[in-house]
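Residue numbers (UniProt numbering): 1 to 1125. Where is the CB? At the ideal position from N, CA and C, for every residue including glycine.
As structure tokens, this is what we get:
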């Protein structure tokens, strides 16, 4: 690529091209077809190849290409032409010195003013593998009698050595030689037509011919970085202040080059040449490549791509992945550097983006990734002006061959061979056309089924289709019209890039319709449409979600698909939580009208809600790039980051949303959530309280605020309780306005079989499920009928277990509060149990409607719900001291619900894949290692002060802090702990880990330190199973006593501290009693109940349910209950 060396050439689209060694002329033909204004001439010494090529050209009737078979002498005698590009390779790369000199002189005479020669030739010193191969061929061909046998013998030894040779670079060299034609192999190995020389000598020949050396066709091969760091450093030393030819000669010695493909220009070239390639030129290039993301069967998107050859290219660099995504979206078009910058821009991280993209592209360039194309001009497909997708020119000239039909493994049947066509596309890639692809082409590429889309994608992958940006947009919309969500994922970013102006990263001409206009011509916006939309809004506001969706579907069925109706139906699904149903509607909407950013926002939202975060992130960033002052897309991106636990960038996005709309409650509550996750609780409270105020007590925003208060050490117990009661009062107001009342026509037999309803947003691999499962699995199905109400879009094996072991299962995500309450009442639930409290996906508003006669809350939230309509809070007796159990205590006063105290011998289901418990690390280390895996939201200044004091007093101790969500968080906690007296060498930080890594990391920890006032629950249980006790502080709230409950459960009362001083004292005690701590570690797992053969863990739980039921049956007021074992 001459541009890297400072050479500017003629545009290939209008160039005159000569190729010596053209073979059948297929590469030359692909250029001639792609660029009809160019002139192409090719010569080769292989008569058979030339004849085959001429037959192909006869079918094409192209006037801008000719090929022939003439001798080198005849070529040199030809005069009068002026070529912009002369390519010399193949058999001509084997020429001896004098002949090569003559050819170079002739090329100089035929070169245009700014013309360029690309000359392939064999170099010295060459590789030792070349000598190995020559000797092997000589041995293997001793007894051959003719050229055919000789060629067969050569290819036979290639095959033998490829299979048996161990050095990878020898195999690579053999593959390189295998690509030569039969004629080249005969000349090189039989007739010794092989004249390699040193670069310094070749350069002398070049200079004598009136030419000058530029560099290599592959510029990176002249850079030490391409090989390895050691080579680069060595060459920097030995080649300092030396001429570029001498430097490159050192390269040849260092890496044992066997050939070069050198770029040459006239000695009279006016420009200034560079000694080494300048990779900054990457910013002036165009790039192309078919790269598709790895996608697992479960839909998870991986960190890698496969190219047109199905080769895997993986990287952990997010920007490089994004760059390759961009190339794949645009394929078969090329994109400019500016388009890549725009399309990969991260609105939330704009710093030095242009420079980062440049380095990323330089990295891709230096890695010589197969299928990565670059050029100084837009690619051949960009030139197409026709507004209908059509096959590229030249498919009729493709060779027809029979190919074996692939069969399944172990299938011994013989399928007949199939006819395929093979040829080159405009990028010069050899591809095959299958019978299915031919059939679609014969149908004018009309898309009728999802199967047709797959065939279309295959044709596009092979770059066998062409069309203008409008043509590609229309074809993608034709595919989306089928309403397939999978097609949306595959094509949505391509739809964007072919719909946008170049200044926003796309290809759509400035005078054509595009996304930046942001307006639509709705053709059906009459009175009927307005009436339908009004009816849908009324139904949604009344909580009649299902009816709203039915009305929308019926309208589309009766009146046909139109922009207005599809938009109304889409919004109905999104508002009512039917996100999966929204995706086909959005696909069809975009098929009719893809020029409104709001539709893409809706799509990103639906993708996020259906666990397609990768696609959601790509779409919403495109929306933000075009609309940086709109709050909604910033907020959605913030939520995406939050869902993945990446709280720092999420906070950046959330602040942007609030900057755009500072008085919108939804954005304020989300900002508060992310501030809380970043341990900025004081600021979070301000925004969350404001959200509640300006929304007039919106119950969802109120729940978020209450959940934050549970983590705030500066909120008093009384204040926290009163705020929860305020929520309950608002919920009662809402209940009264809803006007829904239920009767309970129940059989009041206290001993009959009861219908239990469990409502949860966590019926998946979630801590709540770990706590619930021991009870759920062992509830007596003869005594209780179990109904699961699942409010989560996440579905995994844990979900499958709960669903399969329930008597009735309902997915309730798309139910309104009223609809759900009516369904629960219709299901005749006797006792309804909330498992979420004020956490994500809770349904407390349904409980406010009191659809069941007895309602309880349990597990999901360690505080009161504040609802007067919930009768009981189930609580383990481990939360209170024995002396507190007999009478009303500090916890009773914190709940609006009456507490049922239940003895529970098993509180948690350990991970079945947990590793074994190891020996106490302190025995080998000689010092104690403390640890914490609590969420950062739980770690406030009071906790840090105590930890800092402990580490300062015990300088030999180490402290491992996990659950970090980025380097900024690490720096924050490291800085605070050092300020408080810890030393840097004491501190070890770990990012969030997968479950197996997290559990195994307990092997490095002797004792966990709990947080307060919101103590650990799940982390404490996992640690106990791994033999690691948790030092916990007995708090004044249920949240502050979770650790106490668990330590009580396992008989580890010595790890429960009464106050901060006792916390320090106990930590230091265990630091000096290593042998005792090791004994506890070795025996902890054996003390925990895992077998249920002789004990039913749900027995006391069932007693609690019966006791509460009898209270209602007897007409008594709800009261505090204590269950005995």
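From the options, residue whose alpha carbon lies closest to that of residue i
{"i": "residue 933", "options": "656, 1023 and 869", "result": "1023"}
{"i": "residue 1054", "options": "55, 1064, 655 and 1031", "result": "1031"}
{"i": "residue 756", "options": "773, 824 and 706", "result": "824"}
{"i": "residue 532", "options": "542, 541, 548 and 543", "result": "548"}
{"i": "residue 616", "options": "628, 629, 630 and 635", "result": "635"}
{"i": "residue 734", "options": "775, 845 and 261", "result": "845"}
{"i": "residue 258", "options": "266, 94, 106 and 349", "result": "94"}
{"i": "residue 945", "options": "312, 967 and 973", "result": "973"}
{"i": "residue 796", "options": "433, 611, 587 and 1001", "result": "611"}
{"i": "residue 1005", "options": "967, 1078 and 1059", "result": "1078"}
{"i": "residue 99", "options": "777, 83 and 75", "result": "75"}
{"i": "residue 225", "options": "188, 686 and 255", "result": "255"}
{"i": "residue 307", "options": "460, 24 and 815", "result": "460"}
{"i": "residue 576", "options": "555, 605, 593 and 265", "result": "605"}
{"i": "residue 993", "options": "58, 644 and 78", "result": "644"}
{"i": "residue 453", "options": "1123, 430, 432 and 477", "result": "477"}
{"i": "residue 1122", "options": "1116, 1114, 1108 and 719", "result": "1108"}
{"i": "residue 499", "options": "529, 593 and 919", "result": "593"}
Residue i at chain B interface by Cβ criterion, 8 Å
{"i": "residue 718", "result": "Note that chain B does not occur in the displayed structure, where there is just one protein chain."}
Where the beta strand (DSSP E) through residue i begins and ends
{"i": "residue 901", "result": "898-902"}
{"i": "residue 295", "result": "292-295"}
{"i": "residue 987", "result": "987-991"}
Residues bridged to residue i [DSSP beta-bridge criterion]
{"i": "residue 77", "result": "Answer by DSSP bridge pairing: none, since residue 77 is not bridged."}
{"i": "residue 724", "result": "Answer is none; residue 724 lacks a bridge partner."}
{"i": "residue 738", "result": "Looking at the DSSP assignment, residue 738 forms no beta bridge with any residue, so it has no partner."}
{"i": "residue 305", "result": "293 and 313"}
{"i": "residue 1121", "result": "900"}
{"i": "residue 210", "result": "Paired residues: none, contrary to the question."}
{"i": "residue 688", "result": "According to DSSP, residue 688 bridges with nothing at all."}
{"i": "residue 177", "result": "Paired residue(s): none; residue 177 is not in a bridge."}
{"i": "residue 481", "result": "DSSP, once it has assigned bridges, lists no residue as partnering residue 481."}
Extent of the continuous alpha helix (DSSP H) to which residue i belongs
{"i": "residue 1201", "result": "Look at the range of the chain in this structure, 1 to 1125, and you will see that residue 1201 is not part of it."}
{"i": "residue 158", "result": "147-164"}
{"i": "residue 432", "result": "Unbroken run through residue 432 is the beta strand (DSSP E), 430-433; no alpha helix (DSSP H)."}
{"i": "residue 672", "result": "665-677"}
{"i": "residue 968", "result": "967-979"}
{"i": "residue 1000", "result": "995-1000"}
{"i": "residue 253", "result": "244-255"}
Please confirm if the stretch 315-324 is in contact with the stretch 396-404, defined as three or more CB-CB distances below 8 Å between the two stretches.
Not touching, per the Cβ criterion.
contact_flag[the stretch 479-493, the stretch 576-595] where n(CB pairs < 8 Å) is 3 or more:
yes
Counting Cβ pairs, one atom from each stretch, are 3 or more of them under 8 Å apart for the stretch 105-122 and the stretch 140-149?
no
At least three beta-carbon pairs within less than 8 Å, the stretch 819-834 to the stretch 855-872
yes
Between the stretch 747-763 and the stretch 891-904, do three or more beta carbon pairs fall short of 8 Å?
no
Does the stretch 242-259 come within contact of the stretch 191-211, defined as at least 3 CB pairs closer than 8 Å?
yes
Ordered list of beta strand (DSSP E) runs contained in the stretch 748-811, each at least 3 residues
754-760, 784-790 and 808-811
Counting only runs that start and end within the stretch 820-881, where is the alpha helix (DSSP H) found for 4 or more residues in a row?
Segments of the alpha helix (DSSP H) lying fully in the stretch 820-881: 844-848.
What ranges does the beta strand (DSSP E) occupy inside the stretch 1030-1066, keeping only unbroken runs of at least 3 residues that lie completely in it?
1030-1033
Hey, is the stretch 15-25 in contact with the stretch 37-49, meaning 3+ C-beta pairs nearer than 8 Å?
Pairwise C-beta distances place the stretch 15-25 in contact with the stretch 37-49, as three or more of them are shorter than 8 Å.
Restricting to runs no shorter than 3 residues, where is the beta strand (DSSP E) found entirely within the stretch 6-88?
Entirely contained in the stretch 6-88, the beta strand (DSSP E) runs reaching 3 residues are, in chain order, 16-20, 39-43, 65-68 and 83-88.
Three Cβ pairs or more, each shorter than 8 Å: is that satisfied between the stretch 1033-1049 and the stretch 875-884?
yes
Does the structure place the stretch 464-472 close enough to the stretch 376-393 that three or more beta carbon pairs sit under 8 Å?
yes
Please give me, in chain order, every unbroken run of the alpha helix (DSSP H) with length at least 4 that falls completely inside the stretch 594-652.
Entirely contained in the stretch 594-652, the alpha helix (DSSP H) runs reaching 4 residues are, in chain order, 597-609, 613-626 and 631-643.
Curious, which full-length beta strand (DSSP E) runs of at least 3 residues does the stretch 309-362 contain?
312-314
The stretch 233-243 touching the stretch 172-185, judged by at least three CB pairs closer than 8 Å
no
contact_flag[the stretch 213-229, the stretch 355-374] where n(CB pairs < 8 Å) is 3 or more
Touching, per the Cβ criterion.
Examine the Cβ distances between the stretch 323-334 and the stretch 266-276 and report whether three or more of them are shorter than 8 Å.
no
Using 8 Å as the Cβ pair cut-off and three pairs as the minimum, do the stretch 811-824 and the stretch 1062-1074 touch?
no
Any 3 or more C-beta pairs closer than 8 Å across the stretch 897-913 and the stretch 964-984:
The stretch 897-913 vs the stretch 964-984: no contact.
Segment contact flag, the stretch 204-214 with the stretch 100-109, C-beta cutoff 8 Å, min 3 pairs
yes
The stretch 776-784 touching the stretch 739-756, judged by at least three CB pairs closer than 8 Å
yes
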